[in-house]
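**Q** Have a look at this one.
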Amino acid sequence: DMAVVARKGSAVVRVYREQKERRKAQKKHWELAGTKIGNILGVKKEEEEERGFGEDEQNYKESQRFAEHMKGVSEATSEFAKKRTMKQQRQYLPVFAVRQDLLQVIRENQVIIVVGETGSGKTTQLTQYLHEEGYTKYGMVGCTQPRRVAAMSVAKRVSDEMNVELGKEVGYSIRFEDCTSADTVIKYMTDGILLRESLREPDLDHYSAIIMDEAHERSLNTDVLFGLLRDVVGRRQDLKLIVTSATMDASKFSNFFGEVPTFNIPGRTFPVDLLFAKNSVEDYVDAAVKQTIQIHLTGNPGDILIFMPGQEDIEITCEVLAERLAEVDEAPELLVLPIYSQLPSDLQAKIFQKSPEGIRKCVVATNIAETSLTVDGIMYVVDSGYCKLKVYNPRIGMDALQIYPISQANSNQRSGRAGRTGPGTCYRLYTERQYKNELLTTTVPEIQRTNLANVVLLLKSLGVDDLLQFHFMDPPPQDNILNSMFQLWVLGALDNTGQLTDLGRQMVEFPLDPPLSKMLIVSAGLGCSADVLIIVSMLSVPSIFFRPKGREEDSDNIREKFQVPESDHLTLLHVYNQWRVNKYSSSWCTDHFIHAKAMRRVREVHAQLKEIMEQQKIPIVSCGTEWDIIRKCICSAYFHQAARLKGLGEYVNCRTGMPCHLHPTSALFGMGYTPDYVVYHELVMTAKEYMQNVTAVDGQWLAELGPMFYSVKESGAGRVQKRRQAQEHMSQMEEEMKLAQESIRMSHEEQ
Ligand code: CDP
Ligand code: MG
848 DMAVVARKGS AVVRVYREQK ERRKAQKKHW ELAGTKIGNI LGVKKEEEEE RGFGEDEQNY
908 KESQRFAEHM KGVSEATSEF AKKRTMKQQR QYLPVFAVRQ DLLQVIRENQ VIIVVGETGS
968 GKTTQLTQYL HEEGYTKYGM VGCTQPRRVA AMSVAKRVSD EMNVELGKEV GYSIRFEDCT
1028 SADTVIKYMT DGILLRESLR EPDLDHYSAI IMDEAHERSL NTDVLFGLLR DVVGRRQDLK
1088 LIVTSATMDA SKFSNFFGEV PTFNIPGRTF PVDLLFAKNS VEDYVDAAVK QTIQIHLTGN
1148 PGDILIFMPG QEDIEITCEV LAERLAEVDE APELLVLPIY SQLPSDLQAK IFQKSPEGIR
1208 KCVVATNIAE TSLTVDGIMY VVDSGYCKLK VYNPRIGMDA LQIYPISQAN SNQRSGRAGR
1268 TGPGTCYRLY TERQYKNELL TTTVPEIQRT NLANVVLLLK SLGVDDLLQF HFMDPPPQDN
1328 ILNSMFQLWV LGALDNTGQL TDLGRQMVEF PLDPPLSKML IVSAGLGCSA DVLIIVSMLS
1388 VPSIFFRPKG REEDSDNIRE KFQVPESDHL TLLHVYNQWR VNKYSSSWCT DHFIHAKAMR
1448 RVREVHAQLK EIMEQQKIPI VSCGTEWDII RKCICSAYFH QAARLKGLGE YVNCRTGMPC
1508 HLHPTSALFG MGYTPDYVVY HELVMTAKEY MQNVTAVDGQ WLAELGPMFY SVKESGAGRV
1568 QKRRQAQEHM SQMEEEMKLA QESIRMSHEE Q
């Protein structure tokens, strides 16, 4: 009989403890309002659970319903009219008025900052101006976006404006989806893509100009790019760099690149009436719906934009809006359009179309509509006051996407959306006092609040040995760097001195989170790489199962047939294998309540990862039905996320003791089989903490693969010796961390 116990006093725990006070202070703001909202959401989530919907099925179900709803919406404009108005639209944009001056400044300077109100034409026009001016003769014009949706949607818009096919002269590239060709001269991409390109091509030779768009968003990748590009422009005098921002932080950007000029695009904005809630709002969805209906029923013209924190709330808002309106006698029609990142792209495009004559449009959006995308014709903004942020959560030891109050800067951007075409009104669903006292002035940059493992790996492989020497605009807090380094050390990507190991070097090649790339690499040695490749690909898309209304039981039954009792990962593998046997057929998917579109996407991801494996000369072999090997491989990458059976169907995290639950959709749920130990892919926090994608593992494996966390309780010399060895490792690592800490402190003092 053996038991796996967590080691006490690890470096991670200590670092957390040290930083707790600072974190507490920082989070106080968010928690003030955050808890209340958490409750509201909790209630909603529970209701969903009762109906038996997992989060992902819910997503797909909703998307499908929207798809059906949209079918009825006719194209408002003919192809001809669209082309004509497009040219007129281009010339009406504020940036058009300063086109010549702007190009002049770009000619005379290598780096410039361009500041302009959202909707002034920065994203869609700058690339075209550079192209028209001949910059694309020497290389591509690249434009980075922090958001995938923006990259795709803007590329589509620009290809329309230039009247070319998307993917030819104008293309886009996002993770696992490259829509460019040899003809591409204007390339929109996520900032993460350009970051990865810099691995292969440190000087970015394919580009004649780079536009770093939406710099004010301060996304993690954009912040890292800042540091890298500062050096690239020093080495490549022929490269133009344009940094764009929606008004905020411009002088900071200018300073960072050495007092480079700032070009202001004069805006055309109209006054916006700001109306605050009189009392603190109980439920922002409810309040938003009420407010919207009230606006709609006044009969005054103008479209409405509602800001919600995320997809779930957007879907609920759309649903409730439709419901309540149906209850109103002879209510005029309202065209309700959602927009969020997981929405299929054909539906995303709908928000830009004119609504049919006489019908009001109401767009319900995440903060993607804050500055990334501009919808014309908005005269009313309804602002919930919340957004979703990825924040490192020390309780679960990883990043979590959670709802937080927005910052004052967000708030002001949101209200600004109402004054683009004429005077507007913004309804803020929070009190003026809350705005002043509870909202941060600006959002904390991502680099200061999330896990940096990927960034550390990338920078190390770019030869930035000392991360503390790297030129960050705002250096990440020391515990972020240290935790991320520790995590990479645990995975074996860094050695005791913080240097990249061979494994680490290989991990960088994959556009995946470190544990997933480790799993893929380890699988080759275990002889199951073909199988793990499939699992990793399946994990890279949202859930593939769907559960249509009215056929819940049928879909559950079929889903159960696929389930491999000891593992959700193996269940995914099983589904893919069955699909392959059935010649990747779409109708097979539909018959089995599986999303054909999602599966096609899995296949694309699979092809791309396979290509990288081949380049890396990693053998691709299948273990056939020896599935225990696969479970061990999963354990080798996810041992840090392990849970131990505590009571009936109840698990606790092996290291923190925090309770976590099997999700009702898990293959392990309610099968009468409850393994002593499991590892999980991620934790989803709704009403409870749910482990998602769970695999049963052998306790012995945890001790063997994660000796820094676990040891097997045994007696005698063996145990003492093992302990001592592990302690030696730990103190070496701690030594390195202390040094790192020391030098971060010093670099802070220098500033
Ligand atoms: O980047 P910035 O906010 O300065 O403006 P932009 O995104 O270039 O938008 C310029 C104009 O293009 C706006 O009037 C948008 O409504 C329009 N646009 C569009 O119709 N469809 C898109 N997919 C993107 C922009
Ligand atoms: Mg833009």
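So our numbering is basically just the index in the sequence shown, starting at one, shifted up by 847. Every residue, glycine too, gets a C-beta built ideally from N, C-alpha and C.
1. Rounded C-beta distance between H1508 and Y1498? I'm assuming under 8 Å.
2. With a threshold of 7 Å (Cβ to nearest heavy atom), would T971 be considered close to the ligand CDP?
3. Assuming T1116 and G1263 make a contact with CB atoms under 8 Å, what is their CB distance in whole Å?
4. CB G963 to CB V942, shorter than 8 Å?
5. Would you kindly report the start and end of the unbroken beta strand (DSSP E) that includes I1112?
6. So, at 7 Å on beta carbons, what are the nonlocal neighbours of G1018 in its own chain, with the 5 sequence-adjacent residues on each side left out?
7. Just the Cα atoms here: how many angstroms apart are Q1195 and R995?
8. Report all residues from its chain with a CB closer than 8 Å to the CB of I1467; omit the five preceding and five following residues, and keep chain order.
9. Would you say the region 1117–1124 touches the region 1266–1278, given that touching needs at least three Cβ pairs under 8 Å?
10. Just how far apart, CA to CA, sit K1430 and R1447?
11. Do you know offhand how far S1402's Cα is from A1489's?
12. What separation, rounded to the nearest whole angstrom, lies between the Cα atoms of Q1255 and G1345?
13. Go ahead and label K934 buried or exposed: buried means 16 or more other beta carbons lie within 10 angstroms of its beta carbon, across all protein chains shown.
14. Excluding the 5 residues preceding and the 5 following D1321 in the sequence, name in chain order all residues of the same chain whose CB lies nearer than 7 Å to its CB.
15. Check C1470 in the structure and name its three-state DSSP category.
16. Using DSSP with H/G/I as helix, E/B as strand and the rest coil, what is I1253?
17. Give me, in chain order, the residues of the same chain whose beta-carbon lies closer than 8 Å to that of L1367; leave out the 5 immediate sequence neighbours on both sides.
18. On the three-pair Cβ rule with 8 Å, is the region 1421–1435 touching the region 1534–1549?
19. For L1248, count neighbouring C-beta atoms within 10 Å of its own C-beta (all shown protein chains included) and say buried if the count is 16 or more, exposed if not.
20. Is D1060 near the ligand MG, with its Cβ less than 7 Å from a heavy atom?
21. Does H1063 pass the burial test, meaning 16 or more other C-beta atoms within 10 Å, or should it be called exposed?
22. Here's the rule: buried if 16 or more other CB atoms are within 10 angstroms of the residue's CB, otherwise exposed. What is A872?
23. With 16 as the cutoff for other CB atoms within 10 Å, does R1047 come out buried or exposed?
24. For a quick check, are the C-beta atoms of P1395 and A1484 less than 8 Å apart?
25. Relative to the ligand CDP, is the shortest distance from any of its heavy atoms to the C-beta of I1184 smaller than 7 Å?
26. Do P1389 and L1515 have their CB atoms nearer than 8 Å?
27. Quick one: is the Cβ of D1085 within less than 7 Å of any heavy atom of the ligand CDP?
28. So is K1307 buried or exposed if we call it buried at 16+ other beta carbons inside 10 Å?
29. Along the alpha helix (DSSP H) that carries F1073, what are the first and last residues, could you check?
30. Taking the continuous beta strand (DSSP E) assigned at Y1019, which residues delimit it?
31. Are there any heavy atoms of the ligand MG lying less than 7 Å away from the beta-carbon of S1219, as far as the coordinates show?
32. Just to confirm my understanding: we take K984, look at its own chain, exclude 5 residues before and 5 after, and list those with CB closer than 8 Å. What are they?
33. Taking 8 Å as the threshold, find out whether the region 938–952 comes into contact with the region 1068–1082 through three or more Cβ pairs.
34. Report all residues from its chain with a CB closer than 8 Å to the CB of G881; omit the five preceding and five following residues, and keep chain order.
35. Rounded to whole angstroms, how far is the Cβ of V952 from the Cβ of P1108, which I believe are closer than 8 Å?
36. Who are the Cβ neighbours of F1023 in its own chain at under 8 Å, not counting the five residues just before and after it?
**A** Looking at the coordinates:
1. 7 Å
2. yes
3. 7 Å
4. yes
5. 1109–1112
6. A1002, C1026, T1027, S1028, T1031, K1034
7. 12 Å
8. A1371, S1376, A1377, L1380, K1457, M1460, E1461
9. yes
10. 12 Å
11. 30 Å
12. 39 Å
13. exposed
14. P1292, I1294, Q1295
15. coil
16. coil
17. F1357, L1359, S1376, V1379, L1380, V1383, L1456, M1460, I1465
18. no
19. exposed
20. yes
21. buried
22. Note on A872: pLDDT 37, under 50, position unreliable in the model; the coordinate value appears next. Exposed: under 16 other Cβ atoms inside 10 Å.
23. exposed
24. no
25. The sequence shown places Leu at residue 1184, not Ile. Answer for L1184: no, Cβ out of range of the ligand CDP.
26. no
27. no
28. buried
29. 1067–1082
30. 1017–1021
31. yes
32. S1055
33. no
34. For G881, the pLDDT reaches just 36, beneath the cut-off of 50, and the residue's location in the model is therefore unreliable, although a value from the coordinates is still provided. Result list for G881: Q1249, I1250, Y1251, P1252, in chain order.
35. 6 Å
36. P1358, S1387, R1448, E1451, V1452, Q1455
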